[in-house]
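Let me begin by presenting the structure, written as structure tokens, before commenting on it.
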Amino acid sequence: MHKRIVIGLTGGIGSGKSAVSSKFEQIGITIVDADIVAREVVALGSDGLNKISAHFGLGILNSDKTLNRAKLREIIFKDEKQKIWLNNLMHPMIRTQITLKLEQAKSPYVILVAPLLFENNLDKLCQRTLLIDVPVALQIDRTTSRDKVSSEQVKSIIASQMPREQKQALADDILNNSQVLSYTEQEAEALHLTYLELANSNH
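Okay, here's the thing in structure tokens:
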């Protein structure tokens, strides 16, 4: 049994990861999204959610017994120890789920979308990495209009992530997403052919 090629797709906030990953999805490539997995492992009735509420108390839940993310963010933002506790719980669970989903993928190669691909060492699960890259000014511009948040807030999120230059140095492929969407889609199609070749030579 050959190992399926995994392409790690990453990029800062507002870089257009979703637009690029949905293009690959249209071509028929399986997408595993780390953010979605992170939500699934703390979904209602999950082991993750039970452990979080046992640790932080039932006050961490909404009235419908789902996780109150805003409250949890507030706690771990103020308390480094609690943040470490949460990461130690979440990261192995997320990684296990991601690995499972990658193994179940049926397409010639599979794409793992993760905003913190390098920061959380998820690139170790990938044979190749793709950075969706845009200038910081454009990240701020896109995110403020999309999420209706202040540019200060976006700047602080960007500051908390790995610097753009560092990601550029780590990535195998870089897709400049500051052009029009049709250009981005053409670039994605070209990369698709490269990845297909990789997948075929991996048999």
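Residue numbers (the numbering used here): 995 to 1197. Cβ atoms here follow ideal geometry from the backbone N, Cα and C, with glycine treated the same way.
Alpha carbon to alpha carbon, what distance is there between Leu1116 and Arg1140?
27 Å
Please specify which runs of the beta strand (DSSP E), each continuous and at least 3 residues long, are wholly inside the segment 1123 to 1187, giving them in chain order.
1167 to 1170
Terminal residues of the beta strand (DSSP E) in which Leu1003 lies:
Ile999 to Thr1004
Taking the alpha-carbon positions, what's the Asp1027 to Thr1123 distance?
14 Å
For Ile1078, three-class secondary structure by DSSP:
helix
Between the segment 1031 to 1042 and the segment 1127 to 1141, do at least 3 Cβ pairs fall closer than 8 Å?
no
Would you say the segment 1010 to 1028 touches the segment 1085 to 1098, given that touching needs at least three Cβ pairs under 8 Å?
yes
Euclidean distance between Cα positions of Ala1108 and Glu1074:
23 Å
Reduced DSSP category for Asp1027 - H, G, I as helix; E, B as strand; rest coil:
strand
Own chain residues within Cβ distance below 8 Å of Leu1080, not counting five before or after
Ile1046, Leu1066 and Ile1070
Within this structure, are the beta carbons of Gly1005 and Leu1119 separated by less than 9 Å?
no
With burial defined as no fewer than 16 other Cβ atoms inside 10 Å of the residue's Cβ, what is the status of Thr1178: buried or exposed?
buried
Give the straight-line distance between the Cα atoms of Met995 and Gln1147, rounded to the nearest whole angstrom.
Any reading at Met995 must be qualified, since the residue scores a pLDDT of 40, below 50, and its modelled position is unreliable; no value is offered.
What residue range does the alpha helix (DSSP H) around Leu1066 cover?
Arg1063 to Lys1072
With a 10 Å radius around its C-beta and 16 neighbouring C-beta atoms as the bar for buried, classify Glu1191 as buried or exposed.
exposed
Helix, strand or coil: which one does DSSP assign to Leu1038?
coil
Can you check whether the CB of Ser1172 is closer than 9 Å to the CB of Pro1129?
yes
Do you know how far the Cα of Ala1064 is from the Cα of Lys1244?
Residue 1244 is absent from the structure shown; the chain starts at 995 and stops at 1197.
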